[in-house]
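Reading through the structure tokens given below for one structure.
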Amino acid sequence: MGFFIKLAWRNIFRNKRRTFIAGIAIAVGLASLIFCDALIRGMKDNLIKSATASFLGEGQIHARRFWETQDAEKTVNNLPTVLDGLRSEKDVELFTLRTMSLGTISSPANVSSVLFVGVNPETEQRLSRVDDVLEEGSYFRDGGKRDMVLGGDLAELLEVELGDRVVVTVSRAGSGDLAQEMFRVSGIFRFHIKEMDGSFAFARIDKAREMLGLDGGAHEIALKFRDNRFALDPGNPFWDTYSREGNEAVSWTALLPELTRVMDMVWVALGFLAVILFGIVVFGIINTLFMSLYERMFEFGVLRAVGTRPSDVRKLIVCEAGALAVLSIVMGSILGFVLTFVLAQTGIDYRGIEFAGTGFSELLYPVLHFSQFIIYPAAVFVFTILVGLYPARAAGRLTVADALRKSL
Amino acid sequence: MTNHASDLIVTENLRKDYREDDIVVPAVRGVDLVIKEREFTALVGPSGSGKTTLLNIISGLDSPTEGRVWLKGKPISEMKGAELSDFRRDHIGFVFQAYNLIPVLSAEENIEYIMMLQGVPKNERRERVRKILGDVGLQGMGRRMPPKLSGGQQQRVAIARAMVSRPGLILADEPTANLDSETGAALLDIMRELNEKTGMTFLFSTHDRMVMDRADRIITLKDGRVARDEIRAENPIR
Numbered sequence: 008m009g010f011f012i013k014l015a016w017r018n019i020f021r022n023k024r025r026t027f028i029a030g031i032a033i034a035v036g037l038a039s040l041i042f043c044d045a046l047i048r049g050m051k052d053n054l055i056k057s058a059t060a061s062f063l064g065e066g067q068i069h070a071r072r073f074w075e076t077q078d079a080e081k082t083v084n085n086l087p088t089v090l091d092g093l094r095s096e097k098d099v100e101l102f103t104l105r106t107m108s109l110g111t112i113s114s115p116a117n118v119s120s121v122l123f124v125g126v127n128p129e130t131e132q133r134l135s136r137v138d139d140v141l142e143e144g145s146y147f148r149d150g151g152k153r154d155m156v157l158g159g160d161l162a163e164l165l166e167v168e169l170g171d172r173v174v175v176t177v178s179r180a181g182s183g184d185l186a187q188e189m190f191r192v193s194g195i196f197r198f199h200i201k202e203m204d205g206s207f208a209f210a211r212i213d214k215a216r217e218m219l220g221l222d223g224g225a226h227e228i229a230l231k232f233r234d235n236r237f238a239l240d241p242g243n244p245f246w247d248t249y250s251r252e253g254n255e256a257v258s259w260t261a262l263l264p265e266l267t268r269v270m271d272m273v274w275v276a277l278g279f280l281a282v283i284l285f286g287i288v289v290f291g292i293i294n295t296l297f298m299s300l301y302e303r304m305f306e307f308g309v310l311r312a313v314g315t316r317p318s319d320v321r322k323l324i325v326c327e328a329g330a331l332a333v334l335s336i337v338m339g340s341i342l343g344f345v346l347t348f349v350l351a352q353t354g355i356d357y358r359g360i361e362f363a364g365t366g367f368s369e370l371l372y373p374v375l376h377f378s379q380f381i382i383y384p385a386a387v388f389v390f391t392i393l394v395g396l397y398p399a400r401a402a403g404r405l406t407v408a409d410a411l412r413k414s415l
Numbered sequence: 312m313t314n315h316a317s318d319l320i321v322t323e324n325l326r327k328d329y330r331e332d333d334i335v336v337p338a339v340r341g342v343d344l345v346i347k348e349r350e351f352t353a354l355v356g357p358s359g360s361g362k363t364t365l366l367n368i369i370s371g372l373d374s375p376t377e378g379r380v381w382l383k384g385k386p387i388s389e390m391k392g393a394e395l396s397d398f399r400r401d402h403i404g405f406v407f408q409a410y411n412l413i414p415v416l417s418a419e420e421n422i423e424y425i426m427m428l429q430g431v432p433k434n435e436r437r438e439r440v441r442k443i444l445g446d447v448g449l450q451g452m453g454r455r456m457p458p459k460l461s462g463g464q465q466q467r468v469a470i471a472r473a474m475v476s477r478p479g480l481i482l483a484d485e486p487t488a489n490l491d492s493e494t495g496a497a498l499l500d501i502m503r504e505l506n507e508k509t510g511m512t513f514l515f516s517t518h519d520r521m522v523m524d525r526a527d528r529i530i531t532l533k534d535g536r537v538a539r540d541e542i543r544a545e546n547p548i549r
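In the order they appear, the protein sequences are chains A and B.
Residue numbering for the first sequence follows the working numbering, starting at 8 and increasing by one per position.
Residue numbering for the second sequence follows the working numbering, starting at 312 and increasing by one per position.
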């Protein structure tokens with residue numbers, strides 16, 4: 008076998024230009040796959056970060072069915088006990104309390120529906136990125152009880168600027184009576200997520216509780232874990248531990264199932280892309296090997312004449328396919344690495360583009376992973392060998408006398 | 312009747328027809344031939360007389376339309392696939408008109424190739440290559456690649472390749488056709504010497520007068536038939 012590998016390796020360099028062209032075709036396909044994989048990983052990281060670090064958190068605890076009904080009465084049950092438990096959890100890095108209520112917000116110019124969110128500015132600042140995406144003003148910095156930070160699109164709709172007054176109307180828990188308070192716009196944020204920029208308004212949690220009549224309660228506890236993979240495991244006992252006494256603890260994957268599904272679909276799309284790329288490459292390989300075969304028909308006749316078995320001729324062609332694959336894999340891996348590495352440094356600017364209900368809030372950085380240089384090259388190698396079986400079969404079946412017709 | 316076990320090559324009523332569309336072209340028409348061991352025989356005749364076809368059938372590269380061929384007492388015309396390849400590898404050496412060395416293998420690797428197929432141990436292969444390179448006058452040139460060798464040197468390598476596995480029969484197709492007369496004569500002398508020294512049988516297809524001059528026996532083919540079979544020198548085995 009070693010002899011055939013040596014012979015195959017030398018044979019593929021007999022027509023350097025053809026080998027190089029075929030090798031580049033395979034290499035570009037491989038590099039594309041490596042880059043697409045890295046891009047999807049980067050996209051996934053970016054979207055998850057956008058979705059979780061922006062505001063959602065990596066996990067949340069609410070009263071059961073609060074997420075579906077947004078009912079102001081459904082506050083987290085046994086809140087002090089839950090908070091004590093969370094403080095002792097080594098996997099929980101931090102958490103913050105929120106109240107959430109649907110209501111209306113009005114200015115002298117306009118009125119709009121709003122998701123009125125009461126937050127603790129200090130803990131919220133550490134978990135979410137509202138303070139990072141402020142376009143104007145400050146994030147509850149001056150200690151004003153009636154400060155409000157709202158989305159840029161909402162501010163435009165209401166035609167308000169920093170310092171302007173807005174009035175929020177919500178329904179009080181229990182009685183259902185309307186409660187109305189005046190706030191002053193202290194900050195305007197822009198996540199580039201339509202839903203958040205157009206309908207979120209943040210106030211201090213104490214003021215929100217007062218309006219909603221919650222008396223120390225909260226609708227939501229947003230969580231951040233020390234390792235973000237913690238939230239990806241639906242079988243983690245953490246979720247059961249905090250899904251008791253009328254509460255439910257859920258990870259972001261349950262809160263944003265569409266994002267998870269879309270990411271799954273993107274991986275499937277990568278699979279289709281791989282099939283298409285391999286499909287294109289297959290013709291290149293077959294063409295190269297057949298050209299090489301027909302060009303050396305007489306030589307194969309000689310090999311057969313001197314006693315080379317048909318199976319050994321097939322072996323030689325498969326080895327040549329393998330040698331072409333190795334060469335292409337080296338070129339493709341280098342090309343894929345360089346392309347991905349450069350873009351992983353510079354980043355790709357997709358900011359402002361919404362995808363799967365969330366948006367890219369930062370530059371998208373493709374993520375290099377060692378598996379990209381194992382799985383795809385291995386697939387290219389196996390695939391090339393499989394494709395090589397076809398010309399190998401043809402070579403094994405050639406009639407020696409026909410191949411030698413012009414000589415012996 | 313012939314003794315198939317002791318005769319090297321025996322052909323019986325050998326026929327080969329080629330078909331082109333509906334036209335049947337007979338290339339060999341009923342050849343009965345016996346070639347014994349140690350012969351140095353030239354197969355001559357005009358182009359289209361059936362020399363190449365006959366050599367192809369004798370060596371198992373092509374199959375006859377009718378008739379049978381025995382080589383070393385074995386019915387080679389009935390062998391197929393790996394059995395036929397192995398038989399050719401072990402019993403027949405080929406020397407082609409255009410040398411036909413594998414261009415990506417050095418001279419010694421070309422010579423070693425058949426022994427490698429035979430599973431000869433590496434040390435023995437090296438030793439046999441070294442010796443045969445000396446026999447064909449190519450000492451010290453084993454590492455050269457074919458394109459770096461002259462035509463005559465390449466044909467010497469081809470002869471070495473054909474003989475190194477010690478086959479009983481060497482089939483040579485116009486081995487001097489691409490060589491100048493001096494080089495051709497030298498190569499024929501080498502082959503004649505090896506024939507006498509090792510007892511290998513040589514069967515040439517040729518137009519070359521030099522080959523005919525050195526042959527013990529000249530078989531003339533005409534229109535696919537043996538037109539003349541002339542023994543020109545007494546062979547001690549015959």
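Every residue gets a Cβ at the ideal spot worked out from N, C-alpha and C, and that includes glycine.
- Near chain B, meaning a CB-to-CB distance below 7 angstroms, the residues of the segment 14-25 of chain A are Leu14, Arg17, Asn18, Arg21.
- Nearest Cα to Asp222 (chain A) within the set A:Ile228, A:Asp213, A:Ala229: A:Asp213.
- The segment 327-342 of chain A makes contact with the segment 290-300 of chain A: 3 or more CB pairs, one atom from each, lie closer than 8 angstroms.
- Straight through space, the alpha carbons of Ile341 (chain A) and Ala353 (chain B) are spaced by roughly 59 angstroms.
- Residue environment: Arg251 (chain A) is assigned as exposed (fewer than 16 neighbouring CB atoms within 10 Å of its CB, all protein chains considered).
- With 16 or more other Cβ atoms inside 10 Å of its own Cβ, Pro128 (chain A) counts as buried.
- In this structure, DSSP gives Tyr357 (chain A) a state outside helix and strand, which the three-state scheme calls coil.
- As the crow flies, the alpha-carbon of Arg211 (chain A) is around 34 angstroms from that of Asp356 (chain A).
- Residue nearest to Ser95 (chain A) within the set A:Gln352, A:Arg358, A:Phe245, A:Arg268 is A:Phe245 (criterion: CA-CA distance).
- Note that the C-beta distance between Gln465 (chain B) and Pro478 (chain B) is not below 8 angstroms.
- A straight-line Cα-Cα distance of about 8 angstroms links Asp401 (chain B) and Gln429 (chain B).
- At least one beta carbon of chain B lies nearer than 8 angstroms to the beta carbon of Arg311 (chain A).
- Interface criterion met: the Cβ of Glu306 (chain A) is under 8 angstroms from a Cβ in chain B.
- In chain order, Ser178 place their CB closer than 8 angstroms to the CB of Asp184 (chain A), counting only its own chain and leaving out the 5 sequence neighbours on each side.
- Secondary structure remark: continuous alpha helix (DSSP H) runs of at least 4 residues inside the segment 379-442 of chain B, in chain order: 392-402, 418-429.
- Spatial neighbours of Asn117 (chain A) in its own chain (CB-CB distance under 8 angstroms, excluding positions within 5 residues in sequence) are listed in chain order as Leu164, Leu165, Glu166.
- Using a CB distance cut-off of 8 angstroms, Ala385 (chain A) does not count as an interface residue toward chain B.
- Residue A:Val389 holds the alpha-carbon nearest to the alpha-carbon of Cys326 (chain A) among A:Leu86, A:Val389, A:Glu100, A:Leu63.
- Taking each of A:Val192, A:Val288, A:Lys56 in turn and checking the Cα distance to Glu65 (chain A), the smallest one comes out for A:Lys56.
- Taking a Cβ-Cβ cut-off of 9 angstroms, Leu480 (chain B) has no neighbours in chain A, whose nearest Cβ is about 13 angstroms from it.
- In the DSSP assignment, Lys533 (chain B) falls within the beta strand (DSSP E) that extends over 528-533.
- Excluding five sequence positions before and after Leu263 (chain A), the CB atoms of its chain that fall closer than 6 angstroms to its own CB belong to Ala58, given in chain order.
- CA-CA distance, Gly462 (chain B) to Asn489 (chain B), rounds to 7 angstroms.
- In the structure shown, Arg211 (chain A) falls within a strand segment according to DSSP collapsed to helix, strand and coil.
- If you compare the alpha carbons of A:Ile200, A:Gly9, A:Pro373, A:Ala408 with that of Asp52 (chain A), the shortest gap goes to A:Pro373.
- In the three-state reduction of the DSSP assignment, Glu96 (chain A) falls in the coil class, being assigned neither a helical nor a strand state.
- By the CB criterion at 8 angstroms, His69 (chain A) and Asn243 (chain A) fall outside the cutoff.
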